[in-house]
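Take a look at the structure set out below.
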Amino acid sequence: MSKRDCYEVLGVSRSATEKEVKKAYKRLAMKYHPDRTKGDDALEEKFKEVKEAYEILNDPQKKAAYDQYGHEGVNQSHGGGGFGQGDFGDQFGDIFGDIFGGGRRGGAQRPQQGSDLRYNMDLTLEEAVKGISKEIQVPTLVHCEQCNGSGAKKGTQAKTCGTCHGQGQVQMRQGFFAVNQTCPTCRGKGKIITDPCHKCHGDGRYERSKTLSVKIPAGVDTGDRIRLSGEGEAGEHGAPAGDLYVQMNVREHEVFVRDGNNLYCEVPISFTEAALGGEIEVPTLDGRVKLKISSETQSGRMYRMRNKGVKSVRSHSTGDLMCKVIVETPVKLSSKQRELLKEFEALCSSSAKKNKPKSESFLKSLKTFFDDLSS
C-alpha cells in the first residue's frame, strides 16, 4: 500500500465532502487509467495509488481509522491485509460504471413502478365552467389477480437465478479490470420464473380497459390536468402503479370566447337601439340577463357585466362577461323605409356638426390631407 497521504493523493482537503472525494477520484482515474496510459508501469502504479486512497476515504469506517491512526489504523482494522484484487473489481464496477458504461453494485434490480398515462378529455365550455363528473375508458396494464402480480403460476414462486445467484449482475473480467454487468439470464431481476402464470405469461400484468369516474372541478380550462394517483399502468411484479393524468381541452363555443376567467361575446343591436338607447337581453352561461344600452352608442362599444364570467378553479374570484355591441345595418328595405331613411339623412345633414361629429371630423382631416398634397 502507498504510504502517501490519501488526501494529498486525491488532491482534496481533510474537510472534503463525499461528493468532492468521488469527483476527485473520477478525474484522476480517468487520467491514469491503463486503457489510456498504454501500459506505462509508472502511471499504472499511480492509478493503483489513487484507487487505494479513494477506497479509504470513501469508506466511513476506514476513513475514521485513517484520520486517527493513519495507514497503520487501516491495516490493523483489516488484519494487515491491504486491498485485494476482488476489492478492486467491486470498486471498479461501482465507480467506473459511471465512466465507461459498466453496471453498478447494489444487487438485483427492484421491480419498476408502472408508467404514467395521459388521457385527453374534451369538454364543452358549459362543462368546464360548471364542473362535471365523467366516466372514461382507459386501456392500461393491470396487476394479474390470478398470480397476484408475481408472474409465477399459482402455488409456485420464482427461483433464484443460477447465473448471478440472485444478485442481478455478473462480473466480467478482462485482465486487470472487472466490470459489473446486468445478468443476461434473469435480466437483472435476480430470479427466474420457471412456471409462468398462464393469464399474464409471467409478466405479472395484462392489458385491460378500466372504467374510471373523473370529477372535473368548476373553472378548468384548456391545458389544465387532473392527477389520479395509482391509476396508471401497474408496476412490474407487484410494484406500485403509475399515475393517470387527465388533460383538459375545452372546445370552441358558438357564442362565447374565453380568455382566462372572462367571457367575451358580440351582441347585435339595431340602429334605433344604438341611437336612442334601451334595454336588451344578452346571453350568459346561467341564462338571459338584461343589459342597458346607453343612447348614442357606437358600434364596437364594450359593456362589462361583472361576475358573469367564469369562477376561477384556483381561487374564489369570478371573471366578467364582456359584451361588444355591433350596430346592425338594416337589409331588404321596403320603399317606405327607404323614403323615411332618406328624409332622416337629410335632417341629419342639415345639422351634421351636431348629429355626425365623427363624420365631420373625418371630412375635415381628409380635406387637410389633400390640401397638403397639392401645396
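If you read the sequence shown in our numbering, its first letter stands for residue 1416, the second for the next number, and so on. The beta-carbon is built from N, C-alpha and C at its ideal position, and this holds for glycine as well.
Answer yes or no: do glutamate 1648 and glycine 1634 have a C-beta to C-beta separation smaller than 9 Å? For the purposes of this step, residue 1648 is identified with residue 233 of the sequence shown, where counting begins at 1. For the purposes of this step, residue 1634 is identified with residue 219 of the sequence shown, where counting begins at 1. It is not a contact, given that the beta carbons lie outside the stated cut-off.
Suppose you measure from the CA of glycine 1638 to the CA of leucine 1538; what does that come to, to the nearest Å? In the sequence shown, the residue the question calls residue 1638 occupies position 223. In the sequence shown, the residue the question calls residue 1538 occupies position 123. The alpha-carbon atoms of glycine 1638 and leucine 1538 are separated by roughly 12 Å.
Note the first and the last residue of the continuous beta strand (DSSP E) segment covering valine 1629. In the sequence shown, residue 1629 corresponds to position 214, counting from 1. Residues 1620 to 1631.
In chain order, what residues of the same chain have a beta carbon less than 6 Å from the beta carbon of arginine 1673, not counting five sequence neighbours either side? As a position in the sequence shown, residue 1673 is number 258, starting the count at 1. So the list is empty, once near-sequence residues are dropped.
Would you say glycine 1645 and cysteine 1615 are within 9 Å of each other, going by their C-beta atoms? What you label residue 1645 is simply residue 230 of the sequence shown in a count that begins at 1. What you label residue 1615 is simply residue 200 of the sequence shown in a count that begins at 1. Judged by their CB atoms, glycine 1645 and cysteine 1615 are not nearer to each other than the 9 Å cut-off.
Residues bridged to isoleucine 1708 by DSSP? If you number the sequence shown from 1, residue 1708 lands on position 293. Its beta-bridge partners are Gly1693.
Span separating the alpha-carbon of valine 1553 from that of glycine 1546: Position 138 of the sequence shown, counted from the first residue, corresponds to residue 1553. Position 131 of the sequence shown, counted from the first residue, corresponds to residue 1546. C-alpha separation (whole angstroms): 21 Å.
With C-beta atoms as the reference, is leucine 1706 less than 9 Å away from valine 1670? Here residue 1706 refers to the residue found at position 291 of the sequence shown. Here residue 1670 refers to the residue found at position 255 of the sequence shown. Between leucine 1706 and valine 1670, the CB-CB gap reaches or exceeds 9 Å.
Rounding to the nearest angstrom, what Cα-Cα distance links glycine 1499 and lysine 1437 in this structure? Translated into the one-based positions of the sequence shown, residue 1499 becomes position 84. Translated into the one-based positions of the sequence shown, residue 1437 becomes position 22. Low confidence applies to glycine 1499: its pLDDT is 37, below 50, so where it sits in the model is not reliable enough to give any reading.
Which residues does DSSP list as the beta-bridge partners of threonine 1699? Within the sequence shown, numbered from 1, the residue matching residue 1699 stands at position 284. Answer is Gly1702.
Validate contact between the stretch 1599 to 1608 and the stretch 1570 to 1586 using beta carbons, cut 8 Å, 3 pairs: Contact between the stretch 1599 to 1608 and the stretch 1570 to 1586 is present, because at least three Cβ pairs lie under 8 Å.
Could you tell me whether the Cβ atoms of lysine 1739 and methionine 1717 are closer together than 9 Å? Here residue 1739 is taken as the residue at index 324 of the sequence shown, counted from 1. Here residue 1717 is taken as the residue at index 302 of the sequence shown, counted from 1. Yes, the pair counts as a contact, with Cβ atoms nearer than the cut-off.
Is histidine 1558 buried or exposed, if buried means 16 or more other CB atoms sit within 10 Å of its CB? Here the question's residue 1558 lines up with position 143 in the sequence shown. Around the beta carbon of histidine 1558, 16 or more other beta carbons sit within 10 angstroms, so the residue counts as buried.
Return the chain-ordered list of same chain residues with a C-beta closer than 6 Å to the C-beta of asparagine 1770, the five sequence neighbours on each side being excluded. Within the sequence shown, the letter at position 355 stands for residue 1770. Residues Cys1763 of the same chain have their beta carbon placed closer than 6 Å to that of asparagine 1770, with the five preceding and five following residues left out of the count.
Rounded C-beta distance between cysteine 1598 and glutamine 1561? I'm assuming under 8 Å. The residue given as residue 1598 occupies position 183 in the sequence shown. The residue given as residue 1561 occupies position 146 in the sequence shown. In fact, because the Cβ distance is near 27 Å, the residues do not count as touching under 8 Å.
Under 9 Å, do asparagine 1563 and glycine 1653 count as touching if we go by C-beta distance? Numbered from its first residue, the sequence shown carries residue 1563 at position 148. Numbered from its first residue, the sequence shown carries residue 1653 at position 238. Yes, the pair counts as a contact, with Cβ atoms nearer than the cut-off.
Does the distance from the C-beta atom of isoleucine 1708 to that of isoleucine 1741 stay below 9 Å? Sequence index remark: in the sequence shown, residue 1708 carries index 293 (1-based). Sequence index remark: in the sequence shown, residue 1741 carries index 326 (1-based). Here isoleucine 1708 is not near isoleucine 1741, since their CB atoms are 9 Å or more apart.
Alanine 1439 and phenylalanine 1462 look like a contact to me (Cβ under 8 Å); what is the Cβ gap, rounded to whole Å? Reading the sequence shown from its first residue, position 24 is the one you call residue 1439. Reading the sequence shown from its first residue, position 47 is the one you call residue 1462. With a Cβ gap of about 14 Å, alanine 1439 and phenylalanine 1462 do not count as contacting.
So leucine 1748 is in the beta strand (DSSP E); what residue range does that whole segment cover? What you label residue 1748 is simply residue 333 of the sequence shown in a count that begins at 1. For leucine 1748, there is no enclosing beta strand (DSSP E), as DSSP gives it neither H nor E.
Which residues DSSP lists as bridging valine 1594, in chain order: As a position in the sequence shown, residue 1594 is number 179, starting the count at 1. DSSP output for valine 1594 lists Met1587 as bridge partner(s).
Looking at cysteine 1421 and glutamate 1487, is the spacing between their C-beta atoms short of 9 Å? Walking along the sequence shown from the start, residue 1487 turns up at place 72. Walking along the sequence shown from the start, residue 1421 turns up at place 6. Not a contact, by the Cβ cut-off of 9 Å.
Can you check whether the CB of asparagine 1677 is closer than 9 Å to the CB of aspartate 1735? Residue mapping note: residue 1735 aligns to position 320 of the sequence shown, counting from 1. Residue mapping note: residue 1677 aligns to position 262 of the sequence shown, counting from 1. Going by C-beta atoms, aspartate 1735 is nearer than 9 Å to asparagine 1677.
Own chain residues within Cβ distance below 6 Å of lysine 1477, not counting five before or after: To locate residue 1477, count along the sequence shown from 1; it is residue 62. The answer, listed in chain order, is Ile1471 and Val1489.
Return the Cβ separation of proline 1698 and cysteine 1680 in integer angstroms, given the expectation that the two are a contact with Cβ distance under 8 Å. Your numbering for residue 1698 matches position 283 in the sequence shown. Your numbering for residue 1680 matches position 265 in the sequence shown. Under the criterion of beta carbons closer than 8 Å, proline 1698 and cysteine 1680 qualify as touching, at roughly 7 Å.
Given this structure, state the Cα-to-Cα distance separating glutamate 1743 from phenylalanine 1686, to the nearest angstrom. To locate residue 1743, count along the sequence shown from 1; it is residue 328. To locate residue 1686, count along the sequence shown from 1; it is residue 271. The straight-line gap from Cα to Cα measures roughly 6 Å.
What's the call for glycine 1485, buried or exposed, on a 16-neighbour Cβ count within 10 Å? Position 70 of the sequence shown, counted from the start, is the residue given in the question as residue 1485. Exposed is the call here.
Just the C-alpha distance for threonine 1578 and aspartate 1450, rounded to the nearest angstrom, thanks. Here the question's residue 1578 lines up with position 163 in the sequence shown. Here the question's residue 1450 lines up with position 35 in the sequence shown. Their backbone Cα atoms lie some 29 Å apart in a straight line.
Under 8 Å Cβ to Cβ from arginine 1666, same chain only, skipping five residues before and after it: list those, please. Within the sequence shown, numbered from 1, the residue matching residue 1666 stands at position 251. Around arginine 1666: Asp1537, Leu1538, Thr1539 and Leu1540.
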